[in-house]
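**Q** When we follow the working numbering, the leftmost residue of the sequence shown carries the number 1342, and every step to the right adds one.
For glycine and all other residues, C-beta sits at the position ideal for the given N, C-alpha and C.
Just so you know, these numbers come straight off a predicted model, no measurement behind them.
I'd like to ask some things about the structure below.
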Amino acid sequence: MKLFRINSVGTALRALIGWPLLVIGLYFLSALVGSFIPANSDWKEPDQGIPIFVETNGVHVSLIVPISAAGEDLSDLIRPEHLGDIDLYGTHAMIGWGHRNVYRNARTWGDVRSGDVASAIIGSDETTLHIYHLIDPRPAPHRKRFLVSQQQYRSIIASIRSTFDLTSERRTTAHPAYGPNNLFYDSKGHYSAYTTCNEWTGGVLRKAGVRMGIWTPMPGGVMHWFD
1342 MKLFRINSVG
1352 TALRALIGWP
1362 LLVIGLYFLS
1372 ALVGSFIPAN
1382 SDWKEPDQGI
1392 PIFVETNGVH
1402 VSLIVPISAA
1412 GEDLSDLIRP
1422 EHLGDIDLYG
1432 THAMIGWGHR
1442 NVYRNARTWG
1452 DVRSGDVASA
1462 IIGSDETTLH
1472 IYHLIDPRPA
1482 PHRKRFLVSQ
1492 QQYRSIIASI
1502 RSTFDLTSER
1512 RTTAHPAYGP
1522 NNLFYDSKGH
1532 YSAYTTCNEW
1542 TGGVLRKAGV
1552 RMGIWTPMPG
1562 GVMHWFD
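As structure tokens, this is what we get:
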């Protein structure tokens, strides 16, 4: 009887440890597979178009878009007066979406807090847009440039616009971020282990018709398409 109890406890402990590890393993495997199965597989970068970028800090992947191009202008939402110094207002905006506390607290993986991770996995409506102002950005190892058509650019801007959570006066609400040239904005959307910050970026590009993985919860799942 004693041996049976010991074996039962051991089995229960293995199950308690094993099932979460299995779920985590399946999640990362699914993320890998989803990142390499292309949506819009026939997409080709146009010979002429509007240059945009994807940029990663190793945690988040953001889009870099012209604030004004192809008849689209984001300056009604991303306003110069939101910045303390309007001279920092950019030609381009680097835009990412995600879990509010993860974005505010985690600039690198080492900054990630367990409480924020738990909230992100469970799911949260507390989301934010993080916007950096850039002036004439150039490609870099962590920043990939590519061209999109005017129609694709308009789709990307429409997706970005729809993510802002506007006040009753149809205005955006800005909050201080990491420095003088970037801000957080109130946003719509539900963050979860499925709809991550990187999946938001991948989803915006997929919707516009750009070749992208069918599910891109990790940064590499977006960036590798532009290597």
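According to the Cβ coordinates, are V1545 and V1402 closer than 8 Å?
**A** Taking the sequence shown and counting its residues from 1, one reaches residue 1545 at position 204. Taking the sequence shown and counting its residues from 1, one reaches residue 1402 at position 61. Contact: no.
**Q** Closer than 6 Å by C-beta to H1471: which residues in its own chain qualify, once you throw out the five before and the five after it? Chain order, please.
**A** Mapped onto the sequence shown, residue 1471 falls at position 130. Taken in chain order, the residues that qualify are G1437, Y1444, F1525.
**Q** Measure the Cβ-Cβ separation of L1418 and F1505 and say whether it is below 8 Å.
**A** Along the sequence shown, one-based indexing puts residue 1418 at 77. Along the sequence shown, one-based indexing puts residue 1505 at 164. For L1418 and F1505, yes; Cβs fall inside 8 Å.
**Q** Return the chain-ordered list of same chain residues with a C-beta closer than 7 Å to the C-beta of M1559, the five sequence neighbours on each side being excluded.
**A** As a working note, residue 1559 is residue 218 in the sequence shown. So the list reads A1372, S1376, N1539, once near-sequence residues are dropped.
**Q** Tell me, which residues are paired with A1515 by DSSP?
**A** For the purposes of this step, residue 1515 is taken as residue 174 along the sequence shown, with counting starting at 1. Partner(s): Y1526.
**Q** So R1486 is in the beta strand (DSSP E); what residue range does that whole segment cover?
**A** In the sequence shown, counting from the first residue as 1, residue 1486 sits at position 145. Unbroken beta strand (DSSP E) run through R1486: 1484 to 1489.
**Q** Measuring alpha carbon to alpha carbon, tell me which of A1434, H1516, Y1532 ends up nearest I1498.
**A** For the purposes of this step, residue 1498 is taken as the residue at position 157 of the sequence shown. It is A1434.
**Q** Would V1291 pass as a contact of N1381 if the rule is Cβ separation under 8 Å?
**A** The shown model of the chain, from 1342 to 1568, leaves out residue 1291, and the question about it has no answer.
**Q** By DSSP, does Y1368 sit in helix, in strand, or in coil?
**A** On the sequence shown, position 27 is the one that residue 1368 refers to. Y1368: helix per DSSP, three-state reduction.
**Q** Taking Cβ to Cβ, would you say T1514 is nearer than 8 Å to D1527?
**A** Translated into positions along the sequence shown, residue 1514 becomes position 173. Translated into positions along the sequence shown, residue 1527 becomes position 186. For T1514 and D1527, yes; Cβs fall inside 8 Å.
**Q** In angstroms, rounded to a whole number, what distance separates the CA positions of L1424 and E1510?
**A** On the sequence shown, position 83 is the one that residue 1424 refers to. On the sequence shown, position 169 is the one that residue 1510 refers to. For L1424 and E1510, the distance between alpha carbons rounds to 20 Å.
**Q** With a CB to CB cut of under 8 Å and the five nearest residues on each side skipped, what residues in its chain are close to G1439?
**A** For the purposes of this step, residue 1439 is taken as the residue at position 98 of the sequence shown. Hits under 8 Å: H1401, T1468, T1469, H1471, Y1532, T1537, C1538, W1541.
**Q** How is E1396 classed by DSSP in three states: helix, strand or coil?
**A** Taking the sequence shown and counting its residues from 1, one reaches residue 1396 at position 55. The answer is strand: DSSP assigns E1396 an E or B state.
**Q** Kindly list the residues whose CB is nearer than 7 Å to the CB of K1548, restricted to its own chain and excluding five residues on each side of it in sequence; keep chain order.
**A** On the sequence shown, residue 1548 is found 207 positions in, with the first residue counted as 1. Result list for K1548: S1496, S1500, in chain order.
**Q** Cβ atoms of Y1535 and H1474: under 8 Å apart, would you say?
**A** For the purposes of this step, residue 1474 is taken as residue 133 along the sequence shown, with counting starting at 1. For the purposes of this step, residue 1535 is taken as residue 194 along the sequence shown, with counting starting at 1. No, they are not a contact pair.
**Q** Hey, how far is the Cα of P1482 from the Cα of A1518?
**A** Locating residue 1482 in the sequence shown gives position 141, counting from the first residue. Locating residue 1518 in the sequence shown gives position 177, counting from the first residue. Whole-angstrom Cα-Cα distance: 24 Å.
**Q** Within 10 Å of its beta-carbon, does R1512 have 16 or more other beta-carbons around it, so buried, or fewer, so exposed?
**A** For this step, residue 1512 is matched to residue 171 along the sequence shown. R1512 should be labelled exposed.
**Q** Report the rounded CA-to-CA distance for P1480 versus G1543, giving the unit in angstroms.
**A** Position 139 of the sequence shown holds residue 1480. Position 202 of the sequence shown holds residue 1543. Looking at the two C-alpha atoms, the distance is approximately 19 Å.
**Q** Excluding the 5 residues preceding and the 5 following I1476 in the sequence, name in chain order all residues of the same chain whose CB lies nearer than 7 Å to its CB.
**A** Here residue 1476 refers to the residue found at position 135 when the sequence shown is read from its first residue. Around I1476: G1431, T1432.
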